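**Q**
Given below as C-alpha cells:
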C-alpha cells in the first residue's frame, strides 16, 4: 500500500475548495462554513507560527470543548505540527509528567485557543498531508496503569473516517454532535470525520442533557457519540419524549453498555449503534450495523471494513488494519501488519459478532473460574433500585479472589445487600455472585465516562 | 502512507462476514446476497484454480455483462490473479494483440464465466488484499492511438470507492445500476464499489432504455452511471414521465455532455451529476457535488477528496492522488506523487470548477486559434433538428486546419448545411464556425458510448 495516497491535500482546505458554503462547525454561538473555518485556521496557523510553532513539533492542547479547540486542531495540521490533546482533569503533577513525556514545545490552554478565534486574518498556508505522518499523540485514557502516548497517523484517522461512513452511511444533511471531550479520541475523531465528510460538527462545551436533547430535537443533529452514562441521563431528561426519526445514529461507546439501558433506549426509539473502539485505533474497531441494533443488542458488532479481529486463546481481543496506530511514543514501532493486543477480553458469537467482556486487568479469577465484572454489574443493574454498579475482586485465602460490588442506588429507592445478593443468585452462577455489596453515593469515572474500577474503594 | 492498510481482508469476504443477508447482486433473473455471492465466488475460485490459475497471473475476461462476469471478477481477486477485462467489440487481430500485450495466461469468454455460476460448491479460499498489489490491467478505451494497459491497484479502486461515497453519500437502501460495459472502468468500478459499500449492484446485460427506466421506477435503483447518449435514449423512452425521487444520482460521464441534453434531463427531474474520469484513475477524478448540479451545469465539478488537479499552461488537465494508476504495462512505473497527464484539455472557472473541453489530440488549431470540437458540437446540438454532431479539423493550406462537422438529424426533421452554418455563426466566433457540414445516418461510438472522432469520415 506504499502507493495509496502518498500525499493528499489538506482535508479542510479541500473542503473549503469543494464545498465552501456548507456548514462546518457549530460551537456555542459561533457558526463557520468550511470557507470561513479554513480562513480562520489560516489566521490561527499564522499566529501559531509567529509564536514559534514548527512542522514536526509536538504541541499540547489543554482546553475545554469549543470552537477554539477545533481551530487549533486544524491549525496544527496545517503547520505539520503534531497534536497532543491533554485531559483537562489531570492534576498538576500529571500534566507535568505528560508535558515532559510528550516532549511538548508548547501547550495551548483555554485562553490561547480562544485567542486563535480573534486574531487578524492571514495569507493562505498550503499543506499536503502524508498518510504515514503522525497527526496526533493521544494518551490512553488510563483506566489501568500509566498512560501511554499512542501515535495516530493521518492515514489512521482517514481510514477510520471512511470505514465509519461505509458502515453508518453518509446521508445528505448529516450533522454530528460532539459532546464527548475533544481530548479523547471519541471526540477528536468527530472533528476529523466532519471535515472528511463535509458535514457540520456540532460541538458542545460540556455534556448537558437538556442541551443535547434540544440539538437532537430541533438542531438538525443526525448522529451523536455517547457513552452509557450520558445516554442514561439523556433518557432521564427526555422523560417520555421519543427520539425523532431525524436522529440516525446514537453511536454508543466507552465500554459494554448495560442491557437495561439498551432496552430503555430502544423503547425511546433511540437508534443505538453499539461500538467498541480504542485510542490506538483512532476510535471504532467494531460497530454494530444499524440493521442489527435490535437483533444483536449487547454486542459491539463486527469489524469496520478493512479492520480484522482475532480472539486469542485466553480471550484477549486483537486488532489489525489501517486504523491501527504504528506504536507508542518512546517504544519500538509496531511491526507492520502485526496484531494489536487490546488488553480487552471478549468473544465472538456463532455469527461473528463481538461481545466485549472486560479489561483483562479487571478479570476476577475466583476458585479457578473467570468472572467478568461487567457481567455481574449488568445483573445488578437489572435490579430496579440500582443506578450504578462496580464490581472488583477482593483477595481471599480460599478462592484467590472473591467478587465484591459497590452500588449506587437510585434516589428515593432502597435495597439491602442481602436483597441484591439474592437477586444476583437468581441470575448468575454461584461463583459470580458478589459475596459483599457496599453502597456509595457516587462511583468514580474518568473523563470519557468510563467506570474506573481500580479506584473503587471497597471496604 | 506505507503504513495505511498494509493488508486488508478480501472485501467480498468481509461483506459476507459482516452483512451476509444484504442483497449483493441482481443480474437478469439471478439474485445473490453477500453470503451467497461469497460462496459462489469460492466455488468459482476453486474451478479456476483447477484450470491452472495462479496468484499473479494475468487473466482476461471477454464476456458480456452478467452474473458470470461479476463472479469471475471476484474469483480472480480471491486467487490473487490480475483481471484484464477485454472489450467484446474488438476484432480478432485486436484481441490477439491484446492477449499478447497483456501476457494473458487464459481468457474467460461468455461460456466460461457462465460455467462459473453452475459449478459445485467448494471450500473457503482466504485472501488478504495488499493495497499496492495490481488488481486489474484495464486498456484505455482508445479513442486515439493504440490502447495501453493501465495497471490499477487494490488501493486505487478502494480510494476511488471511498472518495466517491464522500461526495455522493452512502444512503441506507442504495442500489447502483450498471448498464455500462463491465469491461470499461466505468462499469467495473460499480462492481467494486458495491462490495465496499455493502449495497447491491444491479447489472444489465446490455443497455435497454425501457429496462433501465423500469429498474429506476420500480426496481429500487438509487444510483446509475450513464454516458450522454444513454441518458438521451432514457429520456426519449420516458416521454413526459419524470424520474422518481428515489433516484438519487445519475452519474454522467464519458465526455462533456451537451448542454441541451442536461437541460432536458433537469426538466425531467433527473438528478444528473456530471463527472470526468479516466481509466488511469479507476473512474472519477472530478464530480459535481449534488448541490451544484444545476448552478454549475456543464461543469464536471471538483476533485474527489484526496485527488488534486492542475491545468498545465497549454490547458492539459493533470491529476494526482491515491486513485492514480502506478503506470502502464511495459512502461516504467510512474514516480510516486508525479502528476498524470491526462491528454484532455480543460479549464477551471473562478470558483475552481473543472470544464473539460476535449482530448488534446482532437484540438483543431485553425489560423493559430484553438477550436475545441465539443464546443462546436454543443452549438450544433442546440439546433432542434440536430440529434448528434461530430466535429473534426480538415487540412487546409491557408488556415492549417478548418472546422468540419458531421451531423445526424432527428428522424423526420430537416436542416441544410447552410442553415446549420448560419445557426453556428450566431453562437460562435467566426473561426469556430464549421466551413463544411455533412449529414450521416449514424456516428461512430466506442463501447463506452464515446464519440470516436478519429473514425469520422468527412468528405
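Residue numbers (the working numbering), protein chains in the order written: chain A, 2 to 460; chain B, 2 to 460.
Cβ atoms here follow ideal geometry from the backbone N, Cα and C, with glycine treated the same way.
The model shown is predicted, which means the values in this text are computed figures rather than measured ones.
So with CB distances below 7 angstroms, who are the chain B contacts of residue 303 (chain A)?
**A** Here the neighbours are 18, 19.
**Q** From residue 447 (chain B) to residue 228 (chain B), what distance separates their C-alpha atoms?
**A** Rounded to whole angstroms, residue 447 (chain B) to residue 228 (chain B) spans 11 angstroms at the Cα level.
**Q** Using the Cα positions of residue 411 (chain A) and residue 236 (chain A), report the straight-line distance between them to the nearest angstrom.
**A** Each residue's Cα considered, the two are about 15 angstroms apart.
**Q** Say whether the stretch 325 to 333 of chain B touches the stretch 14 to 33 of chain A, bearing in mind that this needs 3 or more beta-carbon pairs closer than 8 angstroms, one atom from each stretch.
**A** Judged by Cβ distances under 8 angstroms, the stretch 325 to 333 of chain B makes no contact with the stretch 14 to 33 of chain A, as fewer than three pairs qualify.
**Q** So residue 79 (chain B) and residue 199 (chain B) are supposed to be a Cβ contact under 8 angstroms. How far apart are they, rounded?
**A** Not quite, the Cβ-Cβ distance comes to about 18 angstroms (not below 8 angstroms), so this is no contact.
**Q** Consider the Cβ of residue 323 (chain B): report whether some Cβ of chain A lies at a distance smaller than 8 angstroms.
**A** By this cut-off, residue 323 (chain B) is an interface position.
**Q** Could you pull the start and end residues of the beta strand (DSSP E) that residue 438 (chain A) belongs to?
**A** Taken as a continuous stretch (DSSP letters only), the beta strand (DSSP E) holding residue 438 (chain A) covers 437 to 440.
**Q** Taking only beta-carbon positions, decide if residue 391 (chain B) is within less than 8 angstroms of chain A.
**A** No, residue 391 (chain B) lies away from the interface with chain A (no Cβ there is under 8 angstroms from its Cβ).
**Q** Grab the span of the beta strand (DSSP E) containing residue 400 (chain A) for me, first residue to last.
**A** No beta strand (DSSP E) contains residue 400 (chain A), which DSSP labels as neither H nor E.
**Q** Compute the Euclidean distance between the alpha carbons of residue 394 (chain A) and residue 166 (chain A), then round it to the nearest angstrom.
**A** Distance between the alpha carbons of residue 394 (chain A) and residue 166 (chain A): 40 angstroms.
**Q** Is the CB-CB distance between residue 343 (chain A) and residue 279 (chain A) below 8 angstroms?
**A** Cβ atoms of residue 343 (chain A) and residue 279 (chain A): closer than 8 angstroms.
**Q** What are the boundary residues of the alpha helix (DSSP H) that includes residue 210 (chain B)?
**A** Unbroken alpha helix (DSSP H) run through residue 210 (chain B): 210 to 219.
**Q** For the beta strand (DSSP E) that contains residue 202 (chain B), what are its first and last residues?
**A** Its beta strand (DSSP E) spans residues 202 to 204.
**Q** Shorter than 8 angstroms from the beta carbon of residue 358 (chain A) to some beta carbon of chain B?
**A** Chain B, which has no Cβ nearer than 8 angstroms to the Cβ of residue 358 (chain A), makes this no.
**Q** Specify, as a first and last residue, the run of the alpha helix (DSSP H) that residue 425 (chain A) falls within.
**A** 418 to 426 is the span of the alpha helix (DSSP H), which, as asked, contains residue 425 (chain A).
**Q** According to DSSP, is residue 452 (chain A) part of a helix, a strand, or is it coil?
**A** Reduced to three states, the DSSP call for residue 452 (chain A) is strand.
**Q** For the stretch 162 to 191 of chain B, which residues have a CB atom closer than 7 angstroms to at least one CB atom of chain A, in sequence order?
**A** Listed in sequence order: 163, 166, 167, 170, 171, 172, 173.
**Q** Whose CA, out of B:186, B:168, B:175, B:204, lies closest to the CA of residue 197 (chain A)?
**A** Checked all of B:186, B:168, B:175, B:204; the closest Cα to residue 197 (chain A) is B:168.
**Q** Is the CB of residue 2 (chain A) under 8 angstroms away from at least one CB in chain B?
**A** Caution applies to residue 2 (chain A), whose pLDDT of 35 falls short of 50 and renders its modelled position unreliable; the value that the coordinates give is listed next. By this cut-off, residue 2 (chain A) is an interface position.
**Q** Taking 7 angstroms as the cut-off, is the beta-carbon of residue 176 (chain B) closer than that to any non-hydrogen atom of the ligand HEM?
**A** Absence of the ligand HEM from the depicted structure is noted, as is the absence of any ligand whatsoever, leaving it without description.
**Q** Contact criterion: CB-CB distance below 8 angstroms. Does residue 15 (chain B) meet it with respect to chain A?
**A** Interface residue, yes.
**Q** Which residues in chain B have a C-beta closer than 8 angstroms to the C-beta of residue 278 (chain A)? List them in chain order.
**A** Near residue 278 (chain A) there are no residues of chain B at all, since even the closest Cβ is about 16 angstroms away, more than 8 angstroms.
**Q** Alpha carbon to alpha carbon, how far is residue 132 (chain A) from residue 3 (chain B)? Give it in angstroms, no decimals.
**A** For residue 3 (chain B), the pLDDT reaches just 39, beneath the cut-off of 50, and the residue's location in the model is therefore unreliable, although a value from the coordinates is still provided. Distance between the alpha carbons of residue 3 (chain B) and residue 132 (chain A): 8 angstroms.
**Q** So what's residue 2 (chain A) in DSSP terms, helix, strand or just coil?
**A** Only weak support exists for where residue 2 (chain A) lies, its pLDDT of 35 falling under 50; the value from the coordinates is given anyway. Residue 2 (chain A): coil per DSSP, three-state reduction.
**Q** Checking contacts by CB at 8 angstroms: is residue 366 (chain A) closer than that to chain B?
**A** Output row for residue 366 (chain A): interface = no.
**Q** Between the stretch 314 to 325 of chain B and the stretch 148 to 159 of chain B, do three or more beta carbon pairs fall short of 8 angstroms?
**A** Result yes; three or more Cβ-Cβ pairs closer than 8 angstroms.
**Q** Taking a Cβ distance cut-off of 7 angstroms, strictly less, list which residues of the stretch 69 to 89 of chain A are near chain B, in chain order.
**A** If the cut-off is 7 angstroms between Cβ atoms, the stretch 69 to 89 of chain A has nothing near chain B.
**Q** Residue 444 (chain B) and residue 381 (chain B) look like a contact to me (Cβ under 8 angstroms); what is the Cβ gap, rounded to whole Å?
**A** With 8 angstroms as the limit, residue 444 (chain B) and residue 381 (chain B) do not qualify as a contact, their Cβ atoms being about 12 angstroms apart.
**Q** Does any C-beta atom of chain A lie closer than 8 angstroms to the C-beta of residue 8 (chain B)?
**A** Interface residue, yes.
**Q** Considering only C-alpha positions, which residue in the set B:188, B:217, B:378 is nearest to residue 285 (chain B)?
**A** Per the Cα distances, B:188.
**Q** Could you tell me the distance, in whole angstroms, from the CA atom of residue 453 (chain B) to the CA atom of residue 180 (chain B)?
**A** Taking the straight line from one Cα to the other gives about 20 angstroms.
**Q** Using three-state DSSP, classify residue 108 (chain A) as helix, strand or coil.
**A** Three-state result, residue 108 (chain A): strand.
**Q** Ignoring anything shorter than 3 residues or poking outside the stretch 208 to 282 of chain A, list the beta strand (DSSP E) runs there in chain order.
**A** Listed in chain order, the complete beta strand (DSSP E) runs (minimum 3 residues) inside the stretch 208 to 282 of chain A are 224 to 228, 250 to 254, 273 to 279.
**Q** Can you check whether the C-beta of residue 203 (chain A) is within less than 8 angstroms of a C-beta belonging to chain B?
**A** Not one chain B Cβ lies under 8 angstroms of residue 203 (chain A).
**Q** Count the CB pairs spanning the stretch 121 to 131 of chain B and the stretch 67 to 79 of chain B that are closer than 8 angstroms, and state whether there are at least three.
**A** With the cut-off at 8 angstroms, the stretch 121 to 131 of chain B and the stretch 67 to 79 of chain B touch.
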